[in-house]
Amino acid sequence: MNTTLPLWFRLRRAFFFALLLGLWAPVKIVWEQHIAHEQDLLRYHDVPMTRELRDELGQGLTIGMLSGMRSVVADLVWLNVTVAWEDEQWFKMEGYINLCTSLQPRSITFWDIGGWQLAWNASVSAMYDRKQPDPMKRLKASRFWIQKGLEVYLRGIENNPEHFDMWAATARLYEQRLGDYEKAAYYYEQASLRPDALAFYERFPAIMYGKAGDDQAAFAAWTRLWNRLTPEQRLEKQHQLGAWQYAAIRKLEDKLSIPKEKRVFPN
Amino acid sequence: MVALMKISVMDTSASPAFAVETIGLTKRYPLSWKRKIVLALDHLDLQIRPGEVFGLLGPNGSGKSTTLKLLLGLAIPSEGEARIFGLPPDSLEARARVGFLPENPYFYAFLTGDETLRFYGKLCGVTGAKLEKRIEELIDLVGLQNGRERPLRSYSKGMLQRIGLAQALIHDPDLLFLDEPTAGVDPLGSSQIRDLILRLKKMGKTVVFSSHLLEQVQEVADRVAIFSLGKKALEGSLEAMLVENQSTQINLPAELSAEQQERVRQLLVQAGVGAAEIRFTRPHLSLEQLYLRTIQKAPDANPPTHPRP
Amino acid sequence: MISSLKRIIAIGRNTLTEAVRQRVLSVLLIFGLVMVACSVFFSKLLIDEQIKFVKDFGCGAIGLFGFAIALLSTAQLIPQELHNRTIYTILAKPVRRVEFLLGKFLGVVLLLSLSVMLMSIAFAGALYWQEWQGIDSTQIGYDQRTPHWQSSPDMVNMYQRDILEIENQVRDPQLIEAILLIFAKLVMTSGIALLISTFATSSIFTIVTTFMIYLIGHMETVARQVWLGRGAETTLYQSGFLGILSLLIPDMNSFTIVDEILAGNRVPWAHTFNLLGYAGVYLIVLLALSEISFRYREL
């Protein structure tokens, strides 16, 4: 062709193309690494696509995962949890719960409902299993599912330590399913310390200690709460309907016969 | 955006005396998958003066459309150069003075006639009252009163061609390129387009058009170039090229009897013309002329524009 | 400069008008049906599940329908203009090629904005319906479990907590971030399709290639990490391949942070702006590449 024109000019489209890409590519990599670093700080972890996961999901859902539809894929898998619940297929249900929570470890809904399904629904169903005549075995099975639910909650906390819901759910499980009020008190306390926690969680530890019969600890917990209040807030609390702290502290002071000089309410 | 280095192949001070000028204009298309190069246009030299009507003739694939694309800056020449009023064809200044009607245009099927013209007007920087006035004028000029509010997908071929002409004229260009302006249009529409070209000529515009229908070219073009296989085979004024210098034709408004013919023959023999070379014939109408006469006798039955469906 | 901008806007508006009159947006009716189907179909689930599902499916559908619109309409832009020969009429006017390209792209962006806006409105509608349903069924639940529960301050407290939890999940202002990120991803996809269509000879090629890049873009993160040596050992050959992948393919996976937002986790605006900025700069690069490619294209 035209040999008088220099090579770069004849290939100018490719030349300019390569030039621009060459300038952009390093910036791109650095920027993407920065984004990835920020996402790490946000505790946002991608789920690596392993062979096992691919087998578990099947072809359609795998493509969905790969095209950035992770939450939709997880939801579709989660529908199986509801089906398994209706069919009382507890082991199957547990498998699906584990798959979903590993697909979306930061979805509180999955952890919350998953643990509840196991520790309440599966456990209660095992307790009243008509096919199992031995009450000891029924109790054992029931305990087994509570333990499974607890494991789900604890993994939920591990993945979402800043989320009060996970701590509160664990506390509820200790309180309602295991009757372990000391543990329940600890987890309620943790829940109340998280950001956005609902206000009333802060008195739950004290109530739990009371239920556990540990009056000293309960008194300490109530007093701690009371001391956190400003004088105006205290005045308000005393006149409030069901002024919890006020009433509880007075009662415990009498019960524990605390000496007058150490009482919150000497009169 | 990346700055483009322009490599000038020839002297850039080309004379602006021409509306269109090309010097050694060449276009090769590489067919990379066949390792072959197609020579679409081979060293074309062309000079068209302002005010001329110029016809590009030739069979399909002879280089007419390639020439127009190069003149509009739509394709990049492999060699040589083209100038529009002394300007490079891809410059905005050149294109502000150029109107173009492509072959078989479709336009935006969902826009109405008015919207189409408004869109093209905006592209040329014509706006507001000036644009609306211009649209009125052009609709009148091309006779599209019944197409103003209709979407273009309901247009007939002739109407599309006319809206195409109107859009080419929207910014009042000095030079018009029309690619096969009468292709696929019925004879009546095609004669209207011919009339339009003549009117544009009267308005002082330069018109360059391509066609493979020779008769049409003959009726409007001042000069033509005939293309064959990417090369300009012939160029010149129709006057000069079409007159057969070796013969003379005498037209009479009446039929001559055999006796009258004999007397004329004798007169001519006396004047020194060889008797064997004198022939008497009656002129024929072309079928097109017959058709147009018939249609125009009954204008009400065949309105010039297409009725609403 | 201003006249140039006017021409770009004229071409953009023209492109949008064409698309709207071709009833491209009627695709969105299907989106509406999906939203209604979601709400009805998931009504047997628990309230928390329902809200999560409507959010996930709603945003998923906005992404999916937007993707279809972005891909199909962008891939058609140049081939359709060539087929109708309108590109010749436009470029024969005093219009630069880059103005034509940007105008066409602006048209697609306008179309996408309109579609995403309409879908977001339908999505918000579905969410509010979900909230109303949730509150309704919560109240019925309380009524069934404890008669006269309104007289117990504790029960009232609990009820209010439940309602608040539903409202917090539904009326999450972070959903705006999610929609913006989805939109950014769509515009980026459009930019890729535009670049490919500047040298593609058929729109099918553009569609298939863009789709491949979109998919690979979701794996670019992994490729990059391995290439930069944070993962498995690689041979020289593999490393070269991953390097090219990381250097050329945009990172689409970062945008799946939308999942986090939908799950109710806090994603700061700074991070969202970081991603939007990345998408914006990437888009400029894509447009510049398209310009280079289109400038030298034979029409």
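Protein chains in written order, with this note's numbering: chain A, 1 to 267; chain B, 1001 to 1309; chain C, 2001 to 2299. For every residue, glycine included, the Cβ atom is placed at its ideal position computed from N, Cα and C.
- In chain order, Phe219, Arg263, Val264, Phe265 place their CB closer than 8 Å to the CB of Glu253(A), counting only its own chain and leaving out the 5 sequence neighbours on each side.
- Ala2288, Glu2291, Ile2292: these are the residues of the stretch 2270-2293 of chain C whose beta carbon lies less than 8 Å from some beta carbon of chain B, given in chain order.
- Arg2007(C) sits away from Leu1141(B), with the two beta carbons spaced by 8 Å or more.
- Per DSSP, the beta-bridge partners of Thr1206(B) are Leu1175(B).
- According to DSSP, residue pairing for Ala1082(B) in a beta bridge involves Thr1022(B).
- Closest in alpha carbon position to Leu1041(B), among Ile1163(B), Gly1080(B), Asp1090(B), Gln1249(B), is Gly1080(B).
- Assignment of Val1142(B) by DSSP, reduced to helix, strand and coil, places it in the helix class.
- With a beta-carbon spacing of about 6 Å, Val77(A) and Leu99(A) fall inside the 8 Å limit used to define contacts.
- Residues of chain C with a Cβ closer than 8 Å to the Cβ of Ala25(A) are, in chain order, Leu2247, Leu2248.
- Under the DSSP assignment, His1043(B) falls outside any alpha helix (DSSP H), being part of the beta strand (DSSP E) whose first and last residues are 1036-1048.
- In the displayed model, Ala14(A) falls within a helix according to three-state DSSP.
- Put simply, the CB of Asp46(A) is near chain C, with a gap under 8 Å to one of its CB atoms.
- For Gly2264(C), the closest Cβ of chain A is nearer than 8 Å.
- Annotation for Ser1228(B): the continuous beta strand (DSSP E) segment containing it runs 1223-1228.
- Contacts between Ser125(A) and chain C, judged by CB atoms closer than 9 Å, are missing: the closest CB pair is about 17 Å apart.
- Residue environment: Asp1179(B) is assigned as buried (16 or more neighbouring CB atoms within 10 Å of its CB, all protein chains considered).
- Near chain A, meaning a CB-to-CB distance below 8 Å, no residue of the stretch 2127-2145 of chain C qualifies.
- Per DSSP, Val1098(B) is one residue of the beta strand (DSSP E) stretching across 1098-1101.
- Counting of Cβ neighbours within 10 angstroms places Pro1059(B) among the exposed residues, the total staying below 16.
- Residue pairing for Val2054(C): DSSP places it in no beta bridge.
- In this structure, Ile2261(C) places its C-beta atom within 8 Å of the C-beta atom of Glu2177(C).
- The C-beta of Thr2074(C) comes no closer than 8 Å to any C-beta of chain B.
- Counting C-beta atoms within 10 angstroms of its own C-beta, Leu103(A) has 16 or more neighbours from the protein chains shown and is therefore classed as buried.
- One finds Leu42 in chain A with Cβ atoms closer than 7 Å to the Cβ of Val2267(C), taken in chain order.
- Counting the other Cβ atoms within 10 Å of the Cβ of Ile63(A) gives fewer than 16, which makes it exposed.
- What Asp2056(C) touches in chain A, judged by beta-carbon distance under 7 Å, is Ser71, Val72, Asp75, going in chain order.
- Separation of the CB atoms of Gln1161(B) and Leu1117(B) is rounded to 14 Å, and the pair is thereby denied contact status at 8 Å.
- The contact set of Glu2177(C) on chain A, defined by CB atoms closer than 8 Å, is empty, because the minimum CB distance reaches about 13 Å.
- Look at the stretch 2004-2031 of chain C: the residues with a C-beta under 8 Å from a C-beta of chain B are Lys2006, Arg2007, Ala2010, Ile2011, Asn2014, Thr2017, Glu2018, Arg2021, Gln2022.
- In this structure, DSSP gives Glu232(A) a helical state, which the three-state scheme calls helix.
- When DSSP reads this structure, Phe1054(B) sits in a beta bridge with Val1208(B), Arg1223(B).
- In the three-state reduction of the DSSP assignment, Gly1236(B) falls in the strand class.
- Along the stretch 100-112 of chain A, the positions whose C-beta sits under 9 Å from a C-beta of chain C are Gln104, Arg106, Ser107, Ile108, Thr109, Phe110, Asp112, read in chain order.
- The C-alpha of Phe110(A) lies about 21 Å from the C-alpha of Leu66(A).
- Of the candidates Ala1240(B), Ala1233(B), Lys1231(B), Glu1215(B), the residue whose Cα lies closest to the Cα of Arg1223(B) is Ala1240(B).
- Nearest neighbour of Ile2213(C) by Cα position, chosen from Met2252(C), Thr2146(C), Ser2026(C), turns out to be Met2252(C).
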